[in-house]
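*Asks:* As you go down the protein sequences, you meet chains W and X in turn.
The opening residue of the first sequence carries number 104 in my numbering; numbering runs sequentially from there.
The opening residue of the second sequence carries number 104 in my numbering; numbering runs sequentially from there.
The C-beta atom is built at its ideal place from N, Cα and C for all residues, glycine as well.
Take this structure first; my questions come after.
There are 2 protein chains.
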Amino acid sequence: MPQQHDPAAPARLAVSTVIFALSPDEGAERPSLRLPLVRRLREPGLGRWALPGGWLPVDEALEGAAARTLAETTGLTPKYLEQLYTFGAVDRSPDERVVSVVYWALVHSDEVERAVSDENVQWFDEDELPELAFDHRAIIDYALGRLRTKLEYSRIAHAFLGETFTLAELRAVHEVVLRKRLDPANFRRTMEASGTLVDTGERLSGTRHRPPALYRFDTASAMAPAPDPIHL
Amino acid sequence: MPQQHDPAAPARLAVSTVIFALSPDEGAERPSLRLPLVRRLREPGLGRWALPGGWLPVDEALEGAAARTLAETTGLTPKYLEQLYTFGAVDRSPDERVVSVVYWALVHSDEVERAVSDENVQWFDEDELPELAFDHRAIIDYALGRLRTKLEYSRIAHAFLGETFTLAELRAVHEVVLRKRLDPANFRRTMEASGTLVDTGERLSGTRHRPPALYRFDTASAMAPAPDPIHL
DNA sequence: CCAAAAGTGTTACCATTACACCCATGA
DNA sequence: TCATGGGTGTAATGGTAACACTTTTGG
């Protein structure tokens, strides 16, 4: 008898994570936004792709559970991890009431190559997602929206990059995430005005044109506004 | 043995709501931001004030549970209800692991007088909060931050007001929530430019000065951007 | 007529945009 | 020397802020 819940049984609590990374740009291609999914090995939704996650252990913090399942499935450590939303519609999973606290994470491109990828864990392009289990497709879409919104008023783009980076690399992150071209001149000025960039004095050579300056993320100014959720 | 969790017992799921309203401005005083709290009638935290809420029934939607407990404790129907954050630190409640999905709600001033208020349910001024149970003080502070942020890029101020309102009333909402004075001339233009106001053609008489125009919230334009979380 | 708030006009300022142009390097 | 992005200059635009001013009511 599906959609029927045992009134004595409480809702079960799960934690899942939407993980974003940029594909390392092999060749001259534009990098794309990618995310890892795991294949479900049991019912319900057996064989379908789903977000990494699991049941919440009684003695583990929510964010801790998100970070752990992320590490277990992908082998990665996120540079950014934040709670996204809690999904709890009564019928989102058959047979059983499941409430999922969903996090979203950013990992930087260099790490993606090191990431686990086998027949049960695969990275998918943002616009080549397979059919997903439960309501996970809606969750991903919601996370994408949040990523795009937050990129414009926050510094999260840095989480996709390494220690130092050029302005073109930073701009590429914005362009891929926002899905639109940005004026290099204006982008530069906007970033410089934000006060979050530090010129390392070094330059990146090996390009076939003028060597671009390498910047670092200003960790001091990063702490200033603290617009993020508290993590209890 | 406090702070010790039974590994066999799962975390329990609660839903709570931070409810905001503006005090009806009796006399010439400036209205203030108020919220109802309930007195805890059992341990833990017996006697302390806490957010309205309760355990999540297995067959009730998260938002439904928030709306229900809100109605049960205050007798009010919210004009606005949105998920705030899920709090789940391991030690936020003694003896037992509790994860709380917290919502926040706005109700309009006219209704506050109708609201329940007895020895176990009381409205408190934003800056005269009593000592609270659990981490509820931190939750309220977080909700206040969200309210202030969202007021500036959204239309939620209308949720505090009745069907029609003057620009001065709308401005008063902003001033109380944001805790700062706003230029009446510029506020008017900003609101008119937003395209969310409809002049009803009527005017409010009975004041000791020029009668102000009455406006209505444009419900059509309200639906346009849909920046809100999906409610699964 | 006066007080008080409604409502209008004007100017300055600041961030964003579009786009022209020069610079430095590898090939 | 040329192609290619790096990097600078500049003028137009549009929204916000400050504040002077006019209007309309009740008392």
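Give a yes or no on whether 9 Å exceeds the smallest Cβ distance from R282/X to chain W.
*Replies:* Judged by the 9 Å Cβ criterion, R282/X is not in contact with chain W.
*Asks:* Can you list, in chain order, the residues of its chain with a C-beta nearer than 7 Å to that of G278/W? Leave out the 5 residues immediately preceding and following it.
*Replies:* Note on identity: in this sequence residue 278/W is Glu, with Gly being the wrong assignment. Here the set comprises R284 and L285.
*Asks:* Which residue wins for smallest C-alpha separation from G157/X, given the options S126/X, Y183/X and V121/X?
*Replies:* The shortest C-alpha separation from G157/X is found at V121/X.
*Asks:* Whose Cβ in chain W lies nearer than 7 Å to the Cβ of L116/X?
*Replies:* Correct list: P113, A114, L116 and V202.
*Asks:* On the DSSP bridge assignment, give the partners of G157/W in chain order.
*Replies:* Paired residue(s): V118/W.
*Asks:* Counting pairs of beta carbons, one from the region 181 to 201 of chain X and one from the region 133 to 151 of chain W, are three or more of them closer than 8 Å?
*Replies:* Touching, no, given that fewer than three Cβ pairs across the two stretches are closer than 8 Å.
*Asks:* Name the two residues that bound the continuous beta strand (DSSP E) containing D302/X.
*Replies:* Run containing D302/X: L300 to R306, per the beta strand (DSSP E) assignment.
*Asks:* In chain W, which residues lie less than 9 Å from V121/X when you measure between Cβ atoms?
*Replies:* Simply none; closest approach about 14 Å.
*Asks:* If R200/X sits next to R115/X, beta carbons under 8 Å apart, how far is it from one beta carbon to the other, in whole angstroms?
*Replies:* Sure, about 7 Å apart at Cβ, within 8 Å.
*Asks:* Does L159/W get closer than 9 Å to chain X when you measure Cβ to Cβ?
*Replies:* Closer than 9 Å to some Cβ of chain X, the Cβ of L159/W qualifies, so yes.
*Asks:* For chain X, check one thing: does any of its Cβ atoms lie closer than 9 Å to the Cβ of Q225/W?
*Replies:* No, its Cβ sits nowhere closer than 9 Å to a Cβ of chain X.
*Asks:* Less than 9 Å between CB atoms is the rule here; does E231/X satisfy it with respect to chain W?
*Replies:* With 9 Å as the cut-off, E231/X does not count as an interface residue toward chain W.
*Asks:* Just to make sure I have the definition right: I need the residues of chain X whose C-beta is within less than 7 Å of the C-beta of T299/W. Which are they?
*Replies:* Chain X residues near T299/W: none, gap ~20 Å exceeds 7 Å.
*Asks:* What residue does the alpha helix (DSSP H) around R274/X start on, and which one ends it?
*Replies:* Unbroken alpha helix (DSSP H) run through R274/X: L270 to L281.
*Asks:* Using a C-beta cutoff of 9 Å, does L165/X count as contacting chain W?
*Replies:* Yes, L165/X counts as interfacial toward chain W.
*Asks:* Is it right to say E295/W is buried, meaning 16 or more other beta carbons lie within 10 angstroms of its own, or is it exposed?
*Replies:* Exposed: under 16 other Cβ atoms inside 10 Å.
*Asks:* Would you kindly work out how many angstroms separate the C-alpha atoms of S212/W and R319/W, rounded to a whole number?
*Replies:* Going from the Cα of S212/W to the Cα of R319/W covers about 16 Å.
*Asks:* Name the one or two DSSP bridge partners that P139/W has.
*Replies:* DSSP output for P139/W lists W226/W as bridge partner(s).
*Asks:* For T177/W, decide whether its Cβ has a neighbour in chain X, counting only Cβ atoms nearer than 9 Å.
*Replies:* Not an interface residue.
*Asks:* Locate the beta strand (DSSP E) running through D257/W, then write down its first and last residues.
*Replies:* According to the sequence displayed, residue 257/W carries Ser and not Asp. Segment: none, S257/W is in no beta strand (DSSP E) and carries neither H nor E.
*Asks:* How about V69/X and Y188/X: do their beta carbons lie closer than 9 Å?
*Replies:* As displayed, chain X neither begins before 104 nor continues past 335, which places residue 69/X out of reach and without an answer.
*Asks:* Please report the distance separating the alpha-carbon of V276/X from that of S126/X.
*Replies:* Roughly 11 Å separates the two Cα atoms.
*Asks:* Looking at the C-beta of A124/X, does it have a partner C-beta in chain W at a distance below 9 Å?
*Replies:* A124/X does not count as touching chain W.
*Asks:* Is the beta carbon of W226/W closer than 9 Å to that of P134/W?
*Replies:* In this structure, W226/W does not lie closer than 9 Å to P134/W by Cβ.
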